[in-house]
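In the working numbering, the protein residues as written are -3 to 401.
C-beta: ideal position from N, C-alpha, C; glycine also.
As the structure is a computational prediction, the values presented were derived from the model and not from experiment.
Structure, as C-alpha cells:
Below is the structure:
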C-alpha cells in the first residue's frame, strides 16, 4: 500500500488546482494528490470570464502569466434589450479564456510544482479505523481531502445533505429536466442553469463584454432574474450564453434556453457551436463548512456569485484557502471555515442582500441607470459581481435616487 498523502484533492478544476498550488506553496515538500475523472485539456461549460481578482489570488501562490496570449477586456455594457443600459470601463481588465485552456494551465502548474495528477473518479471517502486519516475508494489514503468535484459532488452527496434538486446532474445537453418538488436539504432554491456556446463575434460586440437582462415586464415568466451574455475571446469568437434560476415544477429544455438567448441577443447563436449546459449552485445556498478532515471548495461549496454567475474567483480563492488549511496545525475544517469567513464572509452577506433586492426588476433597472451615470457606482457593482466587493453606502444611495427618478 502506498504511503498516506498529506492532502488528496478531488477535482482538478480551478478550485482543486488552486488548492494544490496553495498547499505546495505553503509546504513545497508536501505529498499532494490531484484526482479528476477527465484527462486534460478538456472543455467545461462556463462563461469563460476570468476576473482580475482571480489572477491576483493566483499570483499570491506563485503563479503568474496564466492569462498569456489573451487580451484583457475592460469595457462592460450591462442593461436591458429595450430599456436602461450602462456602458463603462472597468478599473482592471478581465479576460475571456476558454476553460479548456485555463484549467489545463492551472493543472500543469500544479504538476510542475510537485502535485501528482491521476485520472480517477472518487466515489467514497471513509474514515480509517484509527481515525487519523481518510480512505478514498478503499485504496488511497490521505490526511485531508479537499472536495472540489463540482456541483454534483460525489463526496458532498456522501457526507453532506443535498443542496440541489435531484441527485445527479448531467453536465451537458440535451436538457430534458423537469423539476416537480421542493428541493431538499440546506441549499433551498438557490440554483441556476445556463447554456453556453461559441460563435463568431460581430464588430459591434468585439471590444466589450455584454450582459442583457431578461424583459422585467414578463416577471417570473422570463425566468427573472435572468440574462444573456456575449464575452469576446479575442480570436474572432465570443462565448455566448443565457442563464436563469431554476424553479420547482417548471420544465427547462434546450429549446427554451436557446429561445431566451435569441430573444435577448438576436442572431448571436445562429452559427454557434459547442453548446453545453451547466448548473450554477449559488452562494445564497452555501452550507457551513464542518469541522474535520473533508474540506469543500468551489462549486462543491455552492460558491457561485448569485448576481453574475461568476465562479472562477470564488473557486480560486476558496481553493487557495483550503490548500493552506489542509496543511495547518489544528482542525482543518475549522481553520478553513474561519479563514473563508474572514476573507469572503462579509462579501457573501452583501451578495445575499443584493440577490434579495434583485428580485425587483425596478431595483435592477435603477442600478443599471445609476451605474451608467456614476463611474464609482459602476466600479462598486463590478467589484460586487466579480470580486469580493460590497454594497457601498454611496452605491445604495445612487440606486435609491435612480429608483425615484
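- Looking at the backbone, the Cα of residue 397 and that of residue 362 are separated by about 8 Å.
- Annotation: the continuous beta strand (DSSP E) that includes residue 238 extends over 233 to 241.
- With a cut-off of 8 Å on Cβ pairs, the region 343 to 352 is in contact with the region 296 to 305, counting three or more such pairs.
- Out of 93, 17 and 207, the CA that lies nearest to the CA of residue 8 is found in 17.
- The Cβ atoms of residue 37 and residue 97 sit closer than 8 Å to each other.
- In this structure, the beta-carbon distance from residue 75 to residue 208 falls below 8 Å.
- For residue 83, same chain residues with a beta-carbon under 6 Å away, outside a window of 5 residues either side, are 73 in chain order.
- For residue 399, the closest C-alpha among the options 106, 236, 364 and 122 is that of 364.
- In this structure residue 276 is in contact with residue 187, their Cβ atoms being roughly 7 Å apart against a cut-off of 8 Å.
- Residue range 290 to 292 is occupied by the beta strand (DSSP E) that includes residue 292.
- Residue pairing of residue 196 in beta bridges, as defined by DSSP: 233.
- Its chain contains 15, 142, 291, 293 and 332 as the residues whose beta carbon lies nearer than 7 Å to that of residue 318, once the 5 sequence neighbours on both sides are disregarded; these appear in chain order.
- The C-alpha of residue 111 lies about 48 Å from the C-alpha of residue 394.
- Contact check for residue 308 against residue 46 passes: the beta carbons are separated by less than 8 Å.
- Within a 10 Å sphere around the beta-carbon of residue 231 sit fewer than 16 other beta-carbons, which makes this residue exposed.
- One thing to note: residue -1 has its Cβ no nearer than 8 Å to the Cβ of residue 44.
- Your pair residue 113 and residue 10 does not check out as a contact, with CB atoms roughly 15 Å apart and the cut at 8 Å.
- Counting along the chain, residue 91 sits inside the beta strand (DSSP E) bounded by residues 81 to 92.
- Residue 365 carries a helical assignment under DSSP once its states are collapsed to helix, strand and coil.
- Taking C-beta separations shorter than 8 Å and ignoring five residues to either side along the sequence, the partners of residue 63 in its chain run 46, 51, 91 and 93, following chain order.
- Of the residues 116, 144 and 278, the one whose Cα lies closest to the Cα of residue 35 is 116.
- Distances from the alpha-carbon of residue 303 to those of 152, 336 and 385 put 385 closest.
- Judged by their CB atoms, residue 323 and residue 22 are nearer to each other than the 8 Å cut-off.
- When DSSP reads this structure, residue 112 sits in a beta bridge with 29.
- The alpha helix (DSSP H) runs lying completely inside the region 339 to 391 and spanning 4 residues or more are 342 to 353, 357 to 369 and 371 to 382, given in chain order.
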